[in-house]
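Visitor:
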Ligand code: C2E
Ligand code: MG
Ligand code: MG
Ligand code: MG
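Residue numbers (full-length UniProt numbering): 558 to 837.
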C-alpha cells in the first residue's frame with residue numbers, strides 16, 4: 558500500500574528501512590551463532606542486606622563474551638533477542654544455567670537453601686510462551702532445588718497485555734513455590750490497581766530513581782512514595798543501582814536495607830562470585 562504512495566519519498570523510506578532491516582539481520586545472525594557457540598555467559602550480581610551484613614541473593618545477568626569485542630552487556634542485544642523470538646531459547650538457557658549455578662553454590666557450602674535466592678529476568682515474550690510453567694518446574698526440578706530459592710523478575714510490560722492470564726500464570730508458578738519480583742518499578746505504564754492484583758513478593762526500586770535520591774528532592778520523594786507503596790502492598794523491597802554511601806544512607810533512612818549496585822559489587826562471573834562469598 559505504502560509503495561503506491563508517491564515516488565521519491567517512498568524510495569527513500571524503503572531504502573532506510575532496508576538498511577535497518579539488514580543490519581538487524583546481521584545482528585540476529587551473530588546472536589544465533591553466539592548462542593550456538595556458547596559465547597553467552599551468565600554473570601551474577603550480589604544482593605546485599607545492610608542490616609544483617611550478608612549477601613542474601615544474586616541476580617543472573619546475561620553477557621555476551623564476544624571473541625573480538627570482549628564482554629557485551631544485554632542493553633545492546635536483549636531487544637533483538639526479544640523481537641526475533643530468540644529470547645525463548647536464550648531465556649531457557651539462562652534459567653537452566655542459573656539453576657545449575659545455585660546447585661554448585663550449595664555444594665560448595667557457601668550458601669544454603671534457606672538464606673540465599675537467585676533472581677532471573679523473564680521477558681514478556683518468555684513469560685507468555687506456552688509451557689513456561691513446565692519449563693520453570695523442570696529447570697528447578699532437574700537440579701533438585703527447592704523452588705523457593707528462585708525468584709522471577711518481571712516488568713510491567715508482562716502485565717500490560719492480559720492481566721488475568723498473567724495473574725493466573727503467576728499463581729501457578731507461585732504454587733510451585735517460586736516467587737516474583739517486579740523489576741524497574743515505576744518506569745512502566747501500569748496502574749497501581751493492576752499491580753495490586755499481581756501475586757508479587759518483591760519490588761525492585763529502579764536505578765533511575767535511586768541515582769539522584771540523595772541529591773534531588775523530587776527523586777527523594779519518588780523513592781519515599783515507592784517505599785510506601787511496597788509497604789502497603791506488603792512487599793519486600795530492594796534498591797537497584799546503588800553506587801554511593803549517600804544513596805545507601807538515604808535508603809536506609811527509608812528502612813530499605815536490601816540493595817544491589819556497584820557500591821557493594823558489580824555483576825561477577827561465577828569464580829569471582831564464589832570468591833566474594835567466601836570472603837564475606
Ligand atoms: P535489570 O534487570 O534492571 O538489571 C539491572 C541492571 O543494572 C544490570 O544491567 C546491572 O548490571 C546494572 N547495574 C547494577 N548495579 C549498578 C550500578 O550500581 N550502577 C549502574 N549504572 N548499573 C548497575 P545489565 O546487566 O546491563 O542488564 C540490563 C537489562 O537487561 C536488565 O536490567 C534486564 O532487563 C535485561 N537482562 C539482563 N539479563 C537478562 C536475561 O537473562 N533475560 C532477560 N529477559 N533480560 C535480561
Ligand atoms: Mg532485573
Ligand atoms: Mg531493574
Ligand atoms: Mg533496568
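Think of the CB as a built atom: it goes at the ideal place given N, C-alpha and C, for glycine as much as any other residue.
#1: State buried or exposed for residue 578, treating a residue as buried only when at least 16 other CB atoms are found within 10 Å of its CB.
#2: What are the boundary residues of the beta strand (DSSP E) that includes residue 615?
#3: At which residues does the beta strand (DSSP E) containing residue 707 begin and terminate?
#4: For residue 580, write down the residues that DSSP places opposite it in a beta bridge.
#5: Comparing alpha-carbon positions, which option in 650, 592, 760 lies nearest residue 623?
#6: DSSP three-state label for residue 815, please.
#7: Name the two residues that bound the continuous beta strand (DSSP E) containing residue 627.
#8: Flag residue 839 as yes when its Cβ comes closer than 7 Å to any non-hydrogen atom of ligand 1, and as no otherwise.
#9: Rounded to the nearest angstrom, how far is the Cβ of residue 681 from that of residue 821, given a contact under 8 Å?
#10: Determine the DSSP secondary structure at residue 792, reduced to helix, strand or coil.
#11: Hey, out of 583, 629, 699, whose CA is closest to residue 598's CA?
Guide: Working from what's here:
#1: Residue mapping note: residue 578 aligns to position 21 of the chain shown, counting from 1. Label assigned to residue 578: exposed.
#2: The residue given as residue 615 occupies position 58 in the chain shown. 611-623 is the extent of the beta strand (DSSP E) around residue 615.
#3: Working through the chain shown from its first residue, we reach residue 707 at position 150. 707-711 is the span of the beta strand (DSSP E), which, as asked, contains residue 707.
#4: Stepping through the chain shown from its first residue, residue 580 is reached at position 23. Residue 580 pairs with nothing; no bridge assigned.
#5: Here residue 623 corresponds to residue number 66 of the chain shown, with the count starting at 1. For residue 623, the nearest C-alpha among the options comes from 592.
#6: Indexing the chain shown from 1 puts residue 815 at position 258. Strand at residue 815.
#7: For the purposes of this step, residue 627 is taken as the residue at position 70 of the chain shown. Unbroken beta strand (DSSP E) run through residue 627: 627-629.
#8: No answer is possible for residue 839: the residues shown for the chain start at 558 and end at 837.
#9: Here residue 681 refers to the residue found at position 124 when the chain shown is read from its first residue. Here residue 821 refers to the residue found at position 264 when the chain shown is read from its first residue. Their Cβ separation, rounded to whole angstroms, is 29 Å, which puts residue 681 and residue 821 out of contact at 8 Å.
#10: On the chain shown, position 235 is the one that residue 792 refers to. Coil at residue 792, not helix or strand.
#11: Mapped onto the chain shown, residue 598 falls at position 41. Closest by alpha carbon: 629.
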